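Scroll down for the structure; my scribbles are underneath it.
Residue numbers (this note's numbering): 724 to 1003.
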């Protein structure tokens, strides 16, 4: 595969922007992209969704230039275009070279736009934009995970004492299921391929941030710090569970429960059931 020359790269970039983004001799997208340094094929092909927030419309009247951020419609238009070229890359059976870029058609793009569903609007597990390509579907799952549920590490409870492990663990697992990161808490789970690994990596990073904020016991913080380079939240949780089962605090907690059961007394002051008295 011959490399694309800089002149050819510029030519293809100009054609793509003109055909898919700017219409009727307008240069709104071309000017905005050029201003943030995206003026060749390579920079367009590697553009990230976060770059969209830096795009601005510049209007000059006389000696005065007004600068305004892209409106929602303009942002949405370029986001859909980026998703279109990502989909085409994943489905391509030819090398990603000049021939590939020139094969992109406005007709196919039009069909893609008409059938497009944003991940935020799609039901869980449904990825209509991925087609039949397995890699594309899994890539959409990574993207859907990032964008779907608003995951907030601050809503997770803190673990300040070893004796509070049971309640903390139960609440954390409940939230983990809601946030679709429960695999991190399964020590036997292993991704099947590179794309599943990427999705799992995203989940591990989030859960590790939860552990950093919420695990405040001495041993817990020690365990968490051991994985600050790898963000291996799965291993962190495994070691937290192991420690909770074998620690002195765990044994003391068991002894306390046995002692409470031995000395508790059911009398007329309790108005509930016997089972409720024991569980309470």
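A virtual CB, placed ideally from N, CA and C, is assigned to each residue, including glycine. In this text, all values refer to a predicted model and were calculated from it rather than measured experimentally.
Residue pairing of residue 783 in beta bridges, as defined by DSSP: 788. With respect to the 7 Å criterion, residue 885 and residue 940 are classified as neighbours on the basis of their beta carbons.
The DSSP-derived three-state label of residue 882 is strand.
Residue burial is scored here from C-beta neighbours: residue 837 has fewer than 16 other C-beta atoms within 10 angstroms and is therefore classed as exposed.
Contact between residue 907 and residue 925 does not hold, since their C-beta atoms are separated by about 10 Å, which reaches or exceeds 8 Å.
The three-state secondary structure of residue 904, taken from DSSP, is coil.
Its chain contains 740, 745 as the residues whose beta carbon lies nearer than 6 Å to that of residue 753, once the 5 sequence neighbours on both sides are disregarded; these appear in chain order. Residue environment for residue 937: buried (at least 16 other C-beta atoms within 10 angstroms of its C-beta). Rounded to the nearest angstrom, the gap between the Cα atoms of residue 808 and residue 780 is 23 Å.
The residue from 764, 803, 775, 824 with its alpha-carbon nearest to that of residue 812 is 824. In this structure, the alpha-carbon of residue 922 lies about 10 Å from that of residue 904. Contact check for residue 934 and residue 964: beta-carbon distance about 12 Å, past the 8 Å limit, so the pair fails to qualify. The beta carbons of residue 832 and residue 743 sit closer together than 7 Å. Under the criterion of beta carbons closer than 8 Å, residue 727 and residue 764 qualify as touching, at roughly 7 Å.
Runs of the alpha helix (DSSP H) lying entirely within the region 734-775 and spanning at least 4 residues, in chain order: 751-758, 764-768.
Short of 6 Å from the beta carbon of residue 912, and not among the five residues preceding or following it, lie these beta carbons of its own chain, in chain order: 906. Taking 7 Å as the cut-off, the Cβ atoms of residue 772 and residue 755 do not count as close. Spatial neighbours of residue 735 in its own chain (CB-CB distance under 6 Å, excluding positions within 5 residues in sequence) are listed in chain order as 764, 824.
The criterion of a C-beta distance shorter than 7 Å is satisfied by residue 775 and residue 801. In the DSSP assignment, residue 836 is bridged to no other residue. Looking at the backbone, the Cα of residue 947 and that of residue 916 are separated by about 26 Å.
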